[in-house]
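Engineer: The listed protein sequences derive, respectively, from chains A and B. Numbering-wise (our numbering), the first sequence opens with residue 1 and increments by one. Numbering-wise (our numbering), the second sequence opens with residue 337 and increments by one. We put the beta carbon where it would ideally sit given N, CA and C, even for glycine. Take a look at the following structure, please.
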Amino acid sequence: MNNTTSIQTAGFSRSRIISLAILAVIFIVLALLPVLMPASYWITRLSEYMRYSILAIAWVLFSGPTGYMSLATAAFYGLGFYMAAILNGPLPFVVVIVLSGFAAFLVAAAIGGLTLRLRGVYFCIFTFAVVLLLNQVVLEVERIVTHTRGRFVNQESVHVAYWAMLIVFALTIGVVMYIRRSRYGLALQSIGEMEEAAAHSGINIVRTKVLIFATSAVFMGMAGAIMATRRSYIDPGIAFDMQTSFLPVLMAMFGGMGNLVGPVLGAVGFTALSDKLVVSFPDLFMLIFGVFLIVAILFMPNGIIGVVMQFWRWVRGRISKRAAVPTEKGGRGASA
Amino acid sequence: MHLLEGEKVSKHFGGLAAVADVDFYVDQGEILGLIGPNGAGKTTLFNLISASLKPKPGKISFKGIDITPKPAYKICRMGIARTFQTVKIFPHVPVLRNVMVGALFGTGRFITSSEATKKAEEALEFVDLTPVKNALAGDLTLAQQKRLELARALASSPELLLLDELMAGLTAVEVSEAMGDVKQIRDKGVTVIMIEHLMQAIMSISDRIVVLDYGKKIAEGTPQEIAANPKVIEVYLGEECDADS
Chain A
1 MNNTTSIQTA GFSRSRIISL AILAVIFIVL ALLPVLMPAS YWITRLSEYM
51 RYSILAIAWV LFSGPTGYMS LATAAFYGLG FYMAAILNGP LPFVVVIVLS
101 GFAAFLVAAA IGGLTLRLRG VYFCIFTFAV VLLLNQVVLE VERIVTHTRG
151 RFVNQESVHV AYWAMLIVFA LTIGVVMYIR RSRYGLALQS IGEMEEAAAH
201 SGINIVRTKV LIFATSAVFM GMAGAIMATR RSYIDPGIAF DMQTSFLPVL
251 MAMFGGMGNL VGPVLGAVGF TALSDKLVVS FPDLFMLIFG VFLIVAILFM
301 PNGIIGVVMQ FWRWVRGRIS KRAAVPTEKG GRGASA
Chain B
337 MHLLEGEKVS KHFGGLAAVA DVDFYVDQGE ILGLIGPNGA GKTTLFNLIS
387 ASLKPKPGKI SFKGIDITPK PAYKICRMGI ARTFQTVKIF PHVPVLRNVM
437 VGALFGTGRF ITSSEATKKA EEALEFVDLT PVKNALAGDL TLAQQKRLEL
487 ARALASSPEL LLLDELMAGL TAVEVSEAMG DVKQIRDKGV TVIMIEHLMQ
537 AIMSISDRIV VLDYGKKIAE GTPQEIAANP KVIEVYLGEE CDADS
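Put into structure tokens, the structure is as follows:
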């Protein structure tokens, strides 16, 4: 026990190298997939999984440690939609994605500066309202200024969108892992655990919260810009769909928020499950899905990851018990 | 110039004066004891110094700089660290990382994480928590959590340390250890203001004592002067009266 914890605190431990290697292999396989199997069904599915993984991880980055439940995801995602609709074509796709992230950062910083002084349910409601507000503002601006209701988006091919999504996915995981391990992650966690003590230990609470909230929005905006290019037409209702705010929250809870595998598992599991249910039970889809959710929340408070960990501990307990029986004496002597 | 100086510091909660027109100061290298009955305003005064609350009216200056308008994190970075009456730790964070928060953010200048780790380990060594440095802070006993808070405060390299009932709820042995710690902290050059209910502890350790009652300063002086002060005795033991009446 003592041994594993000291490994975790070491800068570059074996387990970390292994997990980085596994990640690298996964990404290489994912990157080569369109070349190996150009059949676009899986490419589309995987794009979808990655989209929700990005949203769920980005959401967990801020809301996980602080416990401030943000429902503003759809605002930043929708902003990416509109950035793509306006800029893709005149500007290269890469530039559009970067600009979308930048725009999302600025808007999130402004929203965060205004709202992160609010706590608990008030923050949650305000972020919910921000999505509705943006929806209405864009709708009215389009009606009055540009005399349109929706917009056509300059499309990108399935493969280009897939690769773009993969890069943003890798970027999201990289940045979020870095932040969680860095001093900013520690600052954010201490704010979430005991805000007053964090302030009296020298942490600039407002700035930390706003910066990380805005950083999480970058990935949401980028994902939005990419997904928009897979549609030919968008309007405010599509761009600022509240589902985009709720789903990542549910996925993160479903998967577990303790590490980054949880949100990804949740996103993939959730998307796959809802796909399956829509196909098999088109009429009962929502009902079955709802039952699933209730069961998950009731019996898996720490998500899929929590269940897996519990199972792992149980297995390990059995193994070590079996191993400990003949050498009990020696074992005790060693630990004393 | 005093290290810390408060002029006519007041704080009202509604109609209640929690702290009223209190003048106080502490000099470099001193241990100042702050005593008074429950509800006298001692913790409120700490909250005013560390900017949990803002005095109104009143002015507090640290090393000649007016710190009244500054936010809490800046005051910590200027060199005023504190502990809390009810412990405020980060329960789901390992002990070492708890202390690293103070080292990383509390000094006001950039330090690398390896420096911060080293500093945090030194602070933990000082409060004898090295054996549990990888445990989660929430799993420690109350006495250990209080020492953890002290370590976190020390890791921010304070010049002035505010200790709010560090010794409350400790056993006699733990109290004498804590007293030893406080003296050692002072010997390192850190000025200390401490709130304490344990008279024997505060009387033996303080260079000077300020007594608050109902938000007002009723006495100030050396422990001997305070022990002989009739007003203090009255506050603590009740008014003197004849047995007949």
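For histidine 348 of chain B, does the three-state DSSP call read helix, strand or coil?
Structural biologist: strand
Engineer: Residues in its own chain within less than 6 angstroms of serine 40 of chain A by CB, not counting five upstream and five downstream?
Structural biologist: Val158
Engineer: How would you write the range of the alpha helix (DSSP H) that alanine 376 of chain B sits in, first residue to last?
Structural biologist: For alanine 376 of chain B, there is no enclosing alpha helix (DSSP H), as DSSP gives it neither H nor E.
Engineer: For the 8 angstroms Cβ check, are there 3 or more pairs between the stretch 127 to 137 of chain A and the stretch 56 to 75 of chain A?
Structural biologist: With three or more CB-CB distances shorter than 8 angstroms, the stretch 127 to 137 of chain A counts as touching the stretch 56 to 75 of chain A.
Engineer: Answer with buried or exposed for lysine 424 of chain B, where buried requires no fewer than 16 other C-beta atoms within 10 angstroms of its C-beta.
Structural biologist: buried
Engineer: Compare the beta carbon distance of glycine 377 of chain B and glycine 551 of chain B with 8 angstroms and say whether it is the shorter of the two.
Structural biologist: yes
Engineer: Can you list, in chain order, the residues of its chain whose CB lies under 7 angstroms from that of glycine 350 of chain B, leaving out five sequence neighbours each side?
Structural biologist: None.
Engineer: Look at threonine 419 of chain B and glutamate 485 of chain B and say whether their C-beta atoms are less than 8 angstroms apart.
Structural biologist: yes
Engineer: Would you say histidine 338 of chain B reaches chain A, if we count a Cβ-Cβ gap shorter than 8 angstroms as a contact?
Structural biologist: Residue contact with chain A for histidine 338 of chain B: absent (no Cβ-Cβ distance below 8 angstroms to any residue of chain A).
Engineer: Do alanine 459 of chain B and leucine 490 of chain B come within 8 angstroms of each other at the CB atom, strictly closer than that value?
Structural biologist: Closer than 8 angstroms, so yes.
Engineer: Cβ atoms of asparagine 434 of chain B and arginine 483 of chain B: under 8 angstroms apart, would you say?
Structural biologist: no
Engineer: For arginine 445 of chain B, report the span of its alpha helix (DSSP H) as first-last.
Structural biologist: Segment: none, arginine 445 of chain B is in no alpha helix (DSSP H) and carries neither H nor E.
Engineer: Does threonine 558 of chain B pass the burial test, meaning 16 or more other C-beta atoms within 10 Å, or should it be called exposed?
Structural biologist: The residue in question, threonine 558 of chain B, is exposed, as its Cβ has fewer than 16 Cβ neighbours within 10 Å.
Engineer: Pull out every residue of the stretch 167 to 185 of chain A whose Cβ sits closer than 7 angstroms to any Cβ of chain B, in chain order.
Structural biologist: Arg183
Engineer: State whether the stretch 100 to 112 of chain A contacts the stretch 212 to 224 of chain A, with contact taken as three or more CB pairs (one from each stretch) at a distance under 8 angstroms.
Structural biologist: yes
Engineer: Please list the terminal residues of the continuous alpha helix (DSSP H) segment that includes glutamate 193 of chain A.
Structural biologist: 183 to 193
Engineer: Would you grab the beta carbon distance between valine 153 of chain A and arginine 231 of chain A for me? Rounded to a whole angstrom, and I think it's under 8 angstroms.
Structural biologist: The beta-carbon distance between valine 153 of chain A and arginine 231 of chain A, rounded to whole angstroms, is 6 angstroms. This is short enough to meet the 8 angstroms contact definition.
Engineer: What residues of chain A sit near lysine 424 of chain B, judged by a beta carbon separation below 7 angstroms?
Structural biologist: Ordered by position in chain A, the residues that pass the 7 angstroms Cβ test against lysine 424 of chain B are Met194, Glu196 and Ala197.
Engineer: With respect to the beta strand (DSSP E) encompassing leucine 496 of chain B, which residues constitute its N-terminal and C-terminal limits?
Structural biologist: 496 to 500
Engineer: Helix, strand or coil for alanine 387 of chain B? Go by DSSP, reduced to three states.
Structural biologist: coil
Engineer: Please state whether DSSP places leucine 478 of chain B in a helix, a strand or coil.
Structural biologist: Look at leucine 478 of chain B here: in three-state DSSP terms it is helix.
Engineer: Using a Cβ-Cβ cut-off of 8 angstroms, state whether glycine 202 of chain A counts as contacting chain B.
Structural biologist: yes
Engineer: Quick one: list the residues of chain B neighbouring isoleucine 205 of chain A, beta-carbon separation under 8 angstroms, in chain order.
Structural biologist: Tyr409
Engineer: Compile a chain-ordered list of the residues in the stretch 66 to 84 of chain A whose CB is closer than 9 angstroms to at least one CB of chain B.
Structural biologist: none
Engineer: Give me, in chain order, the residues of the same chain whose beta-carbon lies closer than 8 angstroms to that of serine 582 of chain B; leave out the 5 immediate sequence neighbours on both sides.
Structural biologist: One cannot answer for residue 582 of chain B here, as it falls past the ends of chain B, which runs 337 to 581.
Engineer: Can you tell me the Cα-Cα spacing of asparagine 2 of chain A and alanine 58 of chain A, whole angstroms?
Structural biologist: Caution is warranted here: a pLDDT of 41 is assigned to asparagine 2 of chain A, below 50, making its placement in the model unreliable, and no coordinate value can be reported.
Engineer: For chain A, is any of its Cβ atoms less than 8 angstroms away from the one on leucine 440 of chain B?
Structural biologist: yes
Engineer: From valine 278 of chain A to methionine 227 of chain A, what does the alpha carbon distance come to, in whole angstroms?
Structural biologist: 21 angstroms
Engineer: Do you know how far the Cα of methionine 251 of chain A is from the Cα of leucine 465 of chain B?
Structural biologist: Near 39 angstroms, if we compare the C-alpha coordinates of methionine 251 of chain A and leucine 465 of chain B.
Engineer: Tell me which residue opens and which closes the alpha helix (DSSP H) that threonine 523 of chain B is part of.
Structural biologist: Here residue 523 of chain B turns out to be aspartate, not threonine, going by the sequence shown. Counting along the chain, the alpha helix (DSSP H) containing aspartate 523 of chain B begins and ends at 508 to 523.
Engineer: Pull up the distance between the alpha-carbon of histidine 200 of chain A and that of tyrosine 409 of chain B, whole angstroms please.
Structural biologist: 5 angstroms
Engineer: Does any residue of chain A bring its CB to less than 8 angstroms from the CB of arginine 433 of chain B?
Structural biologist: yes
Engineer: Could you give the distance in angstroms between the alpha-carbon of alanine 104 of chain A and the alpha-carbon of leucine 32 of chain A?
Structural biologist: 30 angstroms
Engineer: Specify, as a first and last residue, the run of the beta strand (DSSP E) that methionine 530 of chain B falls within.
Structural biologist: 527 to 531
Engineer: Starting from aspartate 275 of chain A and walking both ways along the alpha helix (DSSP H), at which residues does that stretch end?
Structural biologist: 261 to 280
Engineer: Smallest Cα separation from valine 295 of chain A: which of A:Thr44, A:Glu142 and A:Met253?
Structural biologist: A:Met253
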